[in-house]
């Protein structure tokens, strides 16, 4: 949703309509005049470079942000300075929802690569939602998805083996990226293995060992930060803890 704030409303609507990310950024069901009103209120901030912070944990909550392009990680920092990654965000994902109830951003959001976000102040969102019911549904759906993701994460950390965690993580990334039009069997991971390990509650050596094992068993092909899923059924079986129903994993030599 690339916005030229100096342009006319008509120019803004045309840019939203022609933007490749429109179907991810704008709620489905907005009519032409409604899209025009929402577009007038959306601001496009300068691109953030890798390592730059988009929001800071504890700062005053002012806006909802939709990732237009790029990749973001969110994390909390403990009193002793330890970082705990709580999520990864890509095109179409919404940042800042946790701040609605508290008035402060609950996480620090950091760009993992060059990233653009579209910003809608919460004051303007409240105006839009009071006039356009589809905006209310959009935020409720966003909050619902984030609750489901958090529940899955709690289950993963509490009940799943290391192999299951890796398999579920890869399948989740595959599903989310395919929604943007990429192949479901190709995953581009801009985050480091250290970040993946932090997120999954594992040590980085375990992540590296399991990826190597999955590749040795012809389930994945790992080329730096691009992973090709060669056997989706077996990967799903590992995620579901039913690998015995397919073929057992062999340890890499």
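In this note's numbering, the protein residues as written are 14 to 266.
We put the beta carbon where it would ideally sit given N, CA and C, even for glycine.
Backbone secondary structure at residue i - three-state DSSP
i, result
"residue 121", "strand"
"residue 214", "coil"
"residue 41", "coil"
"residue 83", "coil"
"residue 200", "strand"
"residue 182", "helix"
"residue 195", "coil"
"residue 66", "strand"
According to DSSP, residues forming a beta bridge with residue i
i, result
"residue 220", "For residue 220, which the question treats as bridged, DSSP gives no partner whatsoever."
"residue 110", "According to DSSP, residue 110 bridges with nothing at all."
"residue 236", "239"
"residue 133", "77"
"residue 51", "For residue 51, which the question treats as bridged, DSSP gives no partner whatsoever."
"residue 88", "98 and 121"
Residue i, buried or exposed, once every other Cβ within 10 Å from all chains shown has been counted against 16
i, result
"residue 230", "buried"
"residue 81", "buried"
"residue 89", "exposed"
"residue 91", "exposed"
"residue 114", "exposed"
"residue 86", "buried"
"residue 242", "buried"
"residue 174", "exposed"
"residue 154", "exposed"
"residue 253", "exposed"
"residue 71", "exposed"
"residue 170", "exposed"
"residue 245", "exposed"
CB-CB length for residue i against residue j, believed under 8 Å
i, j, result
"residue 213", "residue 224", "Not confirmed; about 12 Å, so no contact."
"residue 119", "residue 111", "4 Å"
"residue 43", "residue 147", "6 Å"
"residue 239", "residue 179", "No, residue 239 and residue 179 are not in contact; Cβ-Cβ is about 16 Å, not under 8 Å."
"residue 251", "residue 177", "6 Å"
"residue 138", "residue 77", "6 Å"
"residue 142", "residue 152", "7 Å"
Between the CA atoms of residue j and residue i - distance to the nearest angstrom
i, j, result
"residue 83", "residue 131", "12 Å"
"residue 237", "residue 227", "14 Å"
"residue 209", "residue 64", "16 Å"
"residue 211", "residue 101", "12 Å"
"residue 67", "residue 187", "25 Å"
"residue 128", "residue 140", "27 Å"
"residue 247", "residue 133", "42 Å"
"residue 149", "residue 45", "17 Å"
"residue 51", "residue 222", "48 Å"
"residue 135", "residue 158", "19 Å"
"residue 41", "residue 145", "12 Å"
"residue 303", "residue 206", "In this structure the chain extends from 14 to 266, so residue 303 is not present and cannot be described."
"residue 279", "residue 168", "No answer is possible for residue 279: the residues shown for the chain start at 14 and end at 266."
"residue 195", "residue 189", "9 Å"
"residue 73", "residue 122", "14 Å"
"residue 103", "residue 164", "19 Å"
"residue 172", "residue 215", "13 Å"
"residue 55", "residue 160", "25 Å"
"residue 93", "residue 109", "24 Å"
"residue 217", "residue 47", "48 Å"
"residue 156", "residue 162", "10 Å"
beta-carbon residue i near the ligand MN non-hydrogen atom, thresh 7 Å
i, result
"residue 220", "No copy of the ligand MN occurs in the structure displayed, which carries no ligand at all."
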